[in-house]
Amino acid sequence: MLWSAASDLTSIWSGNLQRAITSYGADSVLSFNEPDGCCWSCGNSCMNVSSAVSAYKQWVQPLAGKVKLGAPAVTNGVGEGVGISYMSYFMGNCTGCQVDFIPIHWYGSVLDPGSFEAYVQSFYTKFNKPIWITEFGTTSGTDAQIVAFLKQALPWLDSQSYVQRYAYFMDSNTGAPYLLNPNNTMNDIGVEYNSG
Numbered sequence: 001m002l003w004s005a006a007s008d009l010t011s012i013w014s015g016n017l018q019r020a021i022t023s024y025g026a027d028s029v030l031s032f033n034e035p036d037g038c039c040w041s042c043g044n045s046c047m048n049v050s051s052a053v054s055a056y057k058q059w060v061q062p063l064a065g066k067v068k069l070g071a072p073a074v075t076n077g078v079g080e081g082v083g084i085s086y087m088s089y090f091m092g093n094c095t096g097c098q099v100d101f102i103p104i105h106w107y108g109s110v111l112d113p114g115s116f117e118a119y120v121q122s123f124y125t126k127f128n129k130p131i132w133i134t135e136f137g138t139t140s141g142t143d144a145q146i147v148a149f150l151k152q153a154l155p156w157l158d159s160q161s162y163v164q165r166y167a168y169f170m171d172s173n174t175g176a177p178y179l180l181n182p183n184n185t186m187n188d189i190g191v192e193y194n195s196g
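For the sequence shown, the UniProt record's numbering begins at 1 and goes up steadily by one.
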């Protein structure tokens with residue numbers, strides 16, 4: 001992933017990418033982490049659409065035909081200029097860009113798995129491209145509620161032909177809502193995700 005177009009990242013991008021392709025068989029690249037958010041401690045790259053388009057054309061588009069290219073991974077923010085709105089602007093303005101898949105992020109309530117499903121479907125309906133959910137997780141809920149959410153969400157994700165990849169966020173050993181206990185064994189959430 002090219003997290004952003006910051007010079008300390010772009011200066012090592014080509015070398016790191018070539019090494020990933022040659023040494024590890026990488027066949028896809030991700031561009032820009034949550035450019036629609038501007039919370040540095042949250043990991044957002046905070047890029048307006050025109051900056052993201054320009055950087056994509058300079059650093060990602062030249063890789064077309066060598067690896068699969070992923071659009072920026074947006075948040076599930078709701079409103080003008082975030083989430084699917086940001087992606088619409090990006091896709092509409094990145095003329096001549098090859099985008100092979102759409103990476104998305106989602107964090108929400110375990111009590112409403114239907115909103116997760118609707119969110120994922122909305123991106124496929126809008127862009128008609130394979131979906132990679134590179135981060136999804138919960139913002140609340142007990143261990144049992146998170147496990148119940150995963151029991152519904154994972155089979156649904158697996159049944160969607162357009163969902164090519166998904167990853168629960170994250171495998172930290174700090175307990176719920178993550179996948180590991182402090183002693184690095186899987187908690188109930190981790191066991192359910194691993195078996196899903």
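Glycine is no exception: its CB is placed at the ideal position from the N, C-alpha and C atoms.
With Gln164 as the anchor, note down where its beta strand (DSSP E) starts and where it stops. The sequence position of residue 164 within the sequence shown is 164, counting from 1. First-last of the beta strand (DSSP E) with Gln164: 163-168.
Going by DSSP in three states, Glu80 sits in which element: helix, strand or coil? Sequence index remark: in the sequence shown, residue 80 carries index 80 (1-based). Three-state DSSP puts Glu80 in coil, outside helix and strand.
Span separating the alpha-carbon of Ala73 from that of Phe32: Taking the first residue of the sequence shown as 1, we reach residue 73 at position 73. Taking the first residue of the sequence shown as 1, we reach residue 32 at position 32. Approximately 6 Å, taken between the alpha carbons.
Cβ contact (3+ pairs, closer than 8 Å) linking the region 100-119 and the region 129-141: Judged by Cβ distances under 8 Å, the region 100-119 makes contact with the region 129-141, as three or more pairs qualify.
DSSP three-state assignment for Ser159, whether helix, strand or coil: Residue 159 sits at position 159 when you count from the first residue of the sequence shown. Looking at Ser159 - three-state DSSP - the assignment turns out to be helix.
Look at Ala52 and Phe101 and say whether their C-beta atoms are less than 9 Å apart. For this step, residue 52 is matched to residue 52 along the sequence shown. For this step, residue 101 is matched to residue 101 along the sequence shown. No. Outside cutoff.
Count the CB pairs spanning the region 45-60 and the region 20-36 that are closer than 8 Å, and state whether there are at least three. yes
For Thr138, is the beta carbon positioned less than 8 Å from some heavy atom of the ligand MN? In terms of ligand content, the structure shown is empty, and the ligand MN therefore cannot be addressed.
Bridge-paired residues (DSSP) for Phe101: The residue given as residue 101 occupies position 101 in the sequence shown. Answer is Gly70, bridged to Phe101.
Taking 9 Å as the threshold (C-beta atoms), are Ile21 and Val67 in contact? By 1-based counting over the sequence shown, the position of residue 67 is 67. By 1-based counting over the sequence shown, the position of residue 21 is 21. A contact, by the Cβ cut-off of 9 Å.
Using only alpha-carbon positions, find the residue among Pro177, Asp8, Ala176, Ala153 that is nearest to Tyr166. Taking the first residue of the sequence shown as 1, we reach residue 166 at position 166. Per the Cα distances, Ala153.
Span separating the alpha-carbon of Pro62 from that of Ala148: Along the sequence shown, one-based indexing puts residue 62 at 62. Along the sequence shown, one-based indexing puts residue 148 at 148. If you take the alpha carbons of Pro62 and Ala148, they lie about 43 Å apart.
Using a threshold of 9 Å, state whether the C-beta atoms of Lys129 and Val99 are closer than that. Against the sequence shown, residue 129 aligns to sequence position 129. Against the sequence shown, residue 99 aligns to sequence position 99. When the beta-carbon positions are compared, Lys129 and Val99 come within less than 9 Å of each other.
In terms of alpha-carbon separation, which member of Asn181, Glu117, Val60 lies closest to Thr10? One-based indexing of the sequence shown puts residue 10 at position 10. Considering only alpha carbons, the answer is Val60.
is_contact[Ile131, chain D] using C-beta, thresh 9 Å: Within the model displayed, chain D is absent; a lone protein chain is all it includes.
Go ahead and pull the three-state DSSP assignment for Met47. Counting from one through the sequence shown, the residue named residue 47 turns up at place 47. Here Met47 sits in coil by DSSP.
Length of the line joining the Cα atoms of Asp27 and Leu17: Residue 27 sits at position 27 when you count from the first residue of the sequence shown. Residue 17 sits at position 17 when you count from the first residue of the sequence shown. Each residue's Cα considered, the two are about 10 Å apart.
To the nearest whole angstrom, what separates the beta carbons of Val110 and Ile146, a pair I think is in contact under 8 Å? As a position in the sequence shown, residue 110 is number 110, starting the count at 1. As a position in the sequence shown, residue 146 is number 146, starting the count at 1. With 8 Å as the limit, Val110 and Ile146 qualify as a contact, their Cβ atoms being about 5 Å apart.
Tell me whether Val29 sits in a helix, a strand or coil according to DSSP, three-state version. As a position in the sequence shown, residue 29 is number 29, starting the count at 1. Strand.
Thr174 by DSSP, collapsed to three states: which one? Residue mapping note: residue 174 aligns to position 174 of the sequence shown, counting from 1. Three-state result, Thr174: coil.
Bridge partner(s) assigned by DSSP for Gly137: Walking along the sequence shown from the start, residue 137 turns up at place 137. DSSP lists Tyr107 as partners of Gly137.
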